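Here my numbering is used: the first residue of the sequence shown is 7, the next is one more, and so on.
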Amino acid sequence: SLNPADVTICETTQKMLAKAHRDGVETAFDRAANMKACPIGEKSACCKHCAMGPCRLNAKDPYSKVGVCGATIDTIQSRNFARMVASGTASHTDHGMEMLNLFKGVVSGHIKDYEISDTEKLIQVAGELGIATEDREVLDIARDLCAEMEKTYTQIEGELPFIKRAPKKTQEMWREAGVVPRGAMREIMEITTRTHMGMDQDHTNLIKQINRTALADGWGGSMVATEIGDMLFGTPYPVVGEVNMGVLKEDEVNIIIHGHEPNLFDSMLASVNDPELIAKAQASGAKGINLVGMCCSGLEMLSRRGVPHAGNFMSTEAILVTGAVDAMAVDVQCIKQGLAKVADCYGTKLFTTNPRAHIEGVPHIEFEEDYPRECTDTVVEMAIKRYAGRTAPIDIPKRKDKGVFGFSHEYINYMLGGTFRGSYTPLNDNIINGRIRGVAGVVGCTNPRVKQDYVHVELVKELIKNDILVVQTGCSQISLAKAGLLTPEAAHLAGPGLAEVCETVGMPPVLGLGACVDNSRILTAVCNMVAAGGLGDSIADLPVAGAAPEWMSEKAIAIGQYFVASGVYTIFGVTFPIVEQTKFYKLMFEDLEKQGMGKWDFAVDPHDMAAKMIAHIEKKRAALGLDK
Ligand code: NFS
Ligand code: SF4
């Protein structure tokens with residue numbers, strides 16, 4: 007069986023994998039080792055879009071064969087890629103739509119358990135979208151804002167509302183390329199039909215819809231999710247938080263929320279603070295109730311409320327092996343079906359809560375925004391029951407790591423000496439004078455096909471050593487938090503220029519921006535960088551780069567594509583679903599850049615990846631005439 011130290015550098019996950027093996031329990035790490043990736047599928051050289059197939063081409067000799075319908079390798083790969091973008095975009099926009107529904111309910115007054123907590127942000131976003139804000143009641147502005155943001159989903163003609171946020175030159179580039187999204191539903195519908203058998207069979211045409219759909223994610227669904235999250239739950243500002251499995255407490259009722267939508271988590275926070283439920287927990291012998299997060303909704307609550315975070319995607323099964331998790335409630339996305347069996351083995355009560363995501367055999371307690379406490383109180387009660395009847399031996403790895411989280415794009419500028427929600431002049435000045443060479447976004451999942459956390463950590467260390475400021479979202483930021491890099495003290499690992507800036511300001515060299523939908527904060531930050539001046543006039547001019555070194559999900563592909571379409575050089579690790587040396591490969595890895603967009607790149611090794619990102623950043627600096 008596999009050696010835990012070979013598959014993860016996360017100490018606590020290693021310990022729990024070793025225990026799982028002793029206990030005869032299997033996780034995704036074991037399954038990945040036993041299931042070799044299909045070499046044809048891995049390269050996206052097969053198609054099952056109709057019953058004349060499935061058709062398999064030869065990834066080693068891609069032009070030697072075509073599908074039964076005559077589809078070429080470029081058609082097959084671009085269609086497969088398009089479908090990944092469609093699913094990823096659908097996930098983020100569906101999440102954003104749920105947030106909009108919640109916001110609408112709060113604004114109309116029929117949802118009473120949530121409230122608007124950042125009116126300043128609401129007014130600012132409304133103003134940005136062209137809504138009159140002067141001498142108007144907040145609720146009145148909010149009603150118009152709901153209607154405007156709803157266009158993100160339902161609009162049939164015209165441009166997505168948040169397209170306005172992008173630099174003028176980037177907008178013009180999109181218009182020229184014919185990729186400005188109308189509404190997310192329309193784009194997802196169109197990409198789905200265009201990838202049907204016998205439809206769009208020219209990858210140079212399909213790429214337009216791929217870009218248009220992906221842009222509807224970044225500048226649509228994800229951005230709406232982030233902005234509404236801030237309005238309802240507060241715009242994050244730096245908060246010290248704890249991560250890793252040691253946040254579990256042996257003598258308390260432990261509840262994990264794992265998933266993506268902050269509404270469930272926020273209500274759970276209210277439930278665990280309910281004096282009656284606390285009294286019940288104490289009556290069952292526990293010292294209290296301990297609520298912790300995992301994956302992205304965990305990051306939303308870590309960033310906004312400092313709620314402890316137990317780990318990223320590849321630790322969700324392992325943590326159940328502690329035996330200490332009394333209940334885990336999940337909502338949507340990145341929830342492995344394998345959790346059900348592990349939970350069962352250790353007596354953890356696992357619940358699904360969202361009508362979109364049930365798991366066979368797992369009890370479902372539906373979460374309804376009108377009565378959120380009905381669901382979350384029940385989960386707490388079930389967790390207390392399980393605590394009282396704990397039979398599995400408890401083994402909690404003791405390790406806890408501290409970090410600073412919650413750097414909204416608003417706060418980054420403020421911290422560097424600007425005004426809150428003002429311009430990015432201080433950051434730009436430090437880039438222009440060369441103390442900071444550029445900015446890298448390192449984001450995304452963990453994947454059992456590579457050593458968990460290793461690629462993230464090595465890549466980020468290498469980047470900051472070269473004076474590149476790193477911003478992070480998603481599971482990646484938990485990898486770095488566990489490695490201690492989200493602390494101001496980590497400045498000593500940075501190059502002299504970045505270290506000087508960090509020490510002056512008291513900030514970490516690696517800034518955690520939140521969940522995966524908060525990649526939209528990176529988009530907003532780069533818009534602010536362009537607006538502040540001195541670094542060119544489109545996103546593509548900036549000395550920035552993006553990476554998802556351990557990606558696994560279709561959402562990650564959608565995110566990568568919207569960064570590329572927005573002008574950002576984006577590099578992925580693990581594997582890439584394209585056959586090299588094909589025309590589609592050349593389009594994605596070279597030609598998009600010539601249209602004023604960014605481009606894709608790929609490397610498995612973190613040091614190769616860092617070298618490529620640094621080379622790109624230096625190329626952009628040279629083009630801007632910096633360092634002369
Ligand atoms: Ni992003 Fe969040 Fe993590 Fe990857 Fe999954 S939790 S949305 S997809 S695995 S970063
Ligand atoms: Fe094969 Fe063409 Fe059908 Fe795809 S669409 S399965 S390539 S026949």
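Here a beta-carbon is modelled for each residue, glycine too, at the ideal position from N, C-alpha and C.
Here the structure is a predicted model, which means the values were calculated and not measured.
Return the first residue and the last residue of the beta strand (DSSP E) that residue i is part of.
{"i": "residue 479", "result": "474-479"}
{"i": "residue 248", "result": "245-249"}
{"i": "residue 607", "result": "606-608"}
{"i": "residue 317", "result": "315-317"}
{"i": "residue 582", "result": "Where residue 582 is concerned, there is no enclosing beta strand (DSSP E), given that its DSSP letter is neither H nor E."}
{"i": "residue 304", "result": "First-last for residue 304: 301-311, but that is the alpha helix (DSSP H), not the beta strand (DSSP E)."}
{"i": "residue 592", "result": "Careful: residue 592 lies outside any beta strand (DSSP E), inside the alpha helix (DSSP H) at 589-592."}
In whole angstroms, what separates the C-alpha of residue i from that of residue j?
{"i": "residue 353", "j": "residue 327", "result": "10 Å"}
{"i": "residue 645", "j": "residue 485", "result": "A query on residue 645 cannot be resolved here, the shown segment of the chain reaching from 7 to 634 and no further."}
{"i": "residue 505", "j": "residue 339", "result": "37 Å"}
{"i": "residue 61", "j": "residue 556", "result": "29 Å"}
{"i": "residue 6", "j": "residue 176", "result": "Within the shown structure, residues of the chain are numbered from 7 to 634, placing residue 6 beyond reach of any answer."}
{"i": "residue 503", "j": "residue 447", "result": "19 Å"}
{"i": "residue 277", "j": "residue 240", "result": "19 Å"}
{"i": "residue 541", "j": "residue 414", "result": "21 Å"}
{"i": "residue 618", "j": "residue 285", "result": "56 Å"}
{"i": "residue 418", "j": "residue 53", "result": "45 Å"}
{"i": "residue 189", "j": "residue 100", "result": "13 Å"}
{"i": "residue 343", "j": "residue 163", "result": "39 Å"}
{"i": "residue 320", "j": "residue 49", "result": "23 Å"}
{"i": "residue 408", "j": "residue 482", "result": "15 Å"}
{"i": "residue 70", "j": "residue 63", "result": "8 Å"}
{"i": "residue 16", "j": "residue 196", "result": "42 Å"}
{"i": "residue 141", "j": "residue 310", "result": "30 Å"}
{"i": "residue 495", "j": "residue 410", "result": "11 Å"}
{"i": "residue 533", "j": "residue 51", "result": "37 Å"}
{"i": "residue 539", "j": "residue 431", "result": "7 Å"}
{"i": "residue 43", "j": "residue 37", "result": "11 Å"}
{"i": "residue 348", "j": "residue 33", "result": "8 Å"}
{"i": "residue 433", "j": "residue 537", "result": "12 Å"}
{"i": "residue 331", "j": "residue 577", "result": "36 Å"}
{"i": "residue 245", "j": "residue 493", "result": "11 Å"}
{"i": "residue 367", "j": "residue 386", "result": "20 Å"}
{"i": "residue 25", "j": "residue 9", "result": "12 Å"}
{"i": "residue 445", "j": "residue 598", "result": "21 Å"}
{"i": "residue 472", "j": "residue 232", "result": "30 Å"}
{"i": "residue 335", "j": "residue 518", "result": "24 Å"}
{"i": "residue 375", "j": "residue 631", "result": "53 Å"}
{"i": "residue 27", "j": "residue 21", "result": "10 Å"}
What does DSSP give as the partner residue(s) for residue i in the beta ladder?
{"i": "residue 458", "result": "14"}
{"i": "residue 62", "result": "52"}
{"i": "residue 561", "result": "Partner(s): none; residue 561 has no beta bridge."}
{"i": "residue 334", "result": "262 and 356"}
{"i": "residue 124", "result": "Residue 124 pairs with nothing; no bridge assigned."}
{"i": "residue 180", "result": "Answer by DSSP bridge pairing: none, since residue 180 is not bridged."}
{"i": "residue 78", "result": "According to DSSP, residue 78 bridges with nothing at all."}
{"i": "residue 517", "result": "477"}
{"i": "residue 297", "result": "261"}
{"i": "residue 73", "result": "Per DSSP, none; premise fails for residue 73."}
{"i": "residue 550", "result": "445"}
{"i": "residue 575", "result": "551"}
{"i": "residue 408", "result": "248"}
{"i": "residue 370", "result": "358"}
Along the alpha helix (DSSP H) that carries residue i, what are the first and last residues, could you check?
{"i": "residue 159", "result": "144-160"}
{"i": "residue 358", "result": "Counting along the chain, residue 358 falls outside any alpha helix (DSSP H), though it belongs to the beta strand (DSSP E) covering 355-358."}
{"i": "residue 270", "result": "268-278"}
{"i": "residue 235", "result": "228-239"}
{"i": "residue 168", "result": "Premise fails: residue 168 is in no alpha helix (DSSP H) and is neither H nor E."}
{"i": "residue 198", "result": "190-200"}
{"i": "residue 35", "result": "34-40"}
{"i": "residue 323", "result": "Premise fails: residue 323 is in no alpha helix (DSSP H) and is neither H nor E."}
Taking contact to mean at least 3 C-beta pairs separated by less than 8 Å, is the stretch 166-182 in contact with the stretch 222-234? yes
Is the stretch 576-584 close to the stretch 599-617, with three or more CB pairs under 8 Å? yes
Would you call the stretch 287-298 in contact with the stretch 372-392, where contact means no fewer than 3 C-beta pairs closer than 8 Å? yes
Check whether the stretch 433-449 touches the stretch 516-531, counting contact only when three or more Cβ pairs, one atom from each stretch, lie closer than 8 Å. yes
With three or more C-beta pairs closer than 8 Å as the rule, is the stretch 209-223 touching the stretch 73-92? yes
Take every Cβ of the stretch 543-552, pair it with every Cβ of the stretch 12-29, and state whether three or more of those distances are shorter than 8 Å. no
Neighbouring residues (CB closer than 5 Å to any heavy atom of ligand 2): This criterion selects 53, 55, 56, 58, 59, 61, 73, 74, 75, 77 and 203.
Are there three or more Cβ pairs, one per stretch, closer than 8 Å when the stretch 296-314 is compared with the stretch 258-268? yes
The stretch 77-84 in contact with the stretch 179-189 per 3-pair CB rule at 8 Å: Under the 8 Å Cβ criterion, the stretch 77-84 does not count as touching the stretch 179-189, having fewer than three qualifying pairs.
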